[in-house]
Amino acid sequence: MSKDVPPALAAVLELFTAGQVAGAAENFAEDATYREPRKAPIRGREAIAAEFARFAATGVPFRIVVDDVIGDGTSACVVYRFQVAGGEGEPWRERAGCATVRFDERGHIGAWREYEG
Amino acid sequence: MNVNGTTSQQGPHEDLSIHVHVADDVQVYELSGSLDIATSPSVRAALVAASERGSHRLIVDLTLVDFLDSTGLGALIGAQRRAKEFAGEVRLVAKEGQILRLLRITGLLKVFAVYPTLEEAVKDGQRVGDL
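So the sequences go chain by chain: U and S.
So for the first sequence, this note's numbering puts the first residue at 62; every next one is plus one.
So for the second sequence, this note's numbering puts the first residue at 1232; every next one is plus one.
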């Protein structure tokens, strides 16, 4: 992982790699945007927290494997594999992607945009 | 590598070829074909090998790449991360089109210096973002 990864991103990745989303939204700026592939952008920390809570409520076990992070302190790019549990006895399903992340002047995540495919 | 200082690799998937040559003491990885989940491991391995040989200033020429997916981007980002750890850099060459559009959309023009031609990349000339 690059040394220039702000604490906000490090905290989010630590949660995501542990398969947790609770508390992740606290690292986003109040007016942050969060964009997943093929979905409308989510605007604002509260809405992002609600989206994370909605996902957590599904109870689907997930984890993110981070392959690389590169950053310059104002922005970063995360190369990841998003894995969700298959059915009982089935292997985890995996999607590869990368997310570009921008930070505000306070070091919060101001924009998160994922690309998959 | 042959006597001309160039080498070509055809990975296990014939959808991508890697031609390596040297321009002004910089190693140039000229890719041709699709850089995707099937072919990105070959590119990643080639770029890791370059890093292990101590080559931390590289140019990856994407001019002849017709498809680039997130795993391909991951291979390039990994190479840039390794290069930066040694105060090096991976420069990209991409002409106007699908590949450059993807680099713009994903915000990777902030991660990579991208040049419209190999000549501009070699001399650290005009970047795509400057145009």
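Glycine included, every Cβ here is placed at the ideal spot set by N, Cα and C.
Quick caveat: nothing in here was measured; it's all calculated off a predicted structure.
- The continuous beta strand (DSSP E) containing U:Glu-177 extends over residues 170 to 177.
- Between S:Ala-1318 and S:Ser-1282, the gap from beta carbon to beta carbon reaches 8 Å or more.
- Counting only residues of its own chain and dropping the five nearest sequence neighbours on each side, U:Val-145 has a CB closer than 6 Å to the CB of Val-121, Phe-123, Arg-154.
- If you check the CB distance, S:Gly-1305 and U:Asp-129 come in under 8 Å.
- S:His-1252 and S:Ile-1336 have their C-alpha atoms spaced approximately 30 Å apart.
- If you draw a straight line from the Cα of S:Val-1321 to the Cα of S:Tyr-1346, it comes to about 11 Å.
- At a cut-off of 8 Å between beta carbons, U:Tyr-176 contacts chain S.
- The three-state secondary structure of S:Ala-1269, taken from DSSP, is coil.
- Rounded to the nearest whole angstrom, the C-alpha separation of U:Glu-87 and S:Arg-1284 is 42 Å.
- At a cut-off of 8 Å between C-beta atoms, S:Val-1342 counts as an interface residue with respect to chain U.
- At a cut-off of 8 Å between beta-carbon atoms, U:Val-140 makes contact with chain S.
- DSSP places U:Thr-161 in the strand class (E or B) of the three-state scheme.
- A residue is called buried once 16 or more other Cβ atoms fall within 10 Å of its Cβ, and S:Asp-1300 is buried on that count.
- Only those residues of the segment 138 to 165 of chain U whose C-beta falls short of 7 Å from the nearest C-beta of chain S are listed: Cys-138, Val-140, Ala-157, Gly-158, Cys-159, Thr-161.
- For the segment 1320 to 1347 of chain S, the continuous alpha helix (DSSP H) assignments of 4+ residues that do not extend past its boundaries occur at 1329 to 1336, in sequence order.
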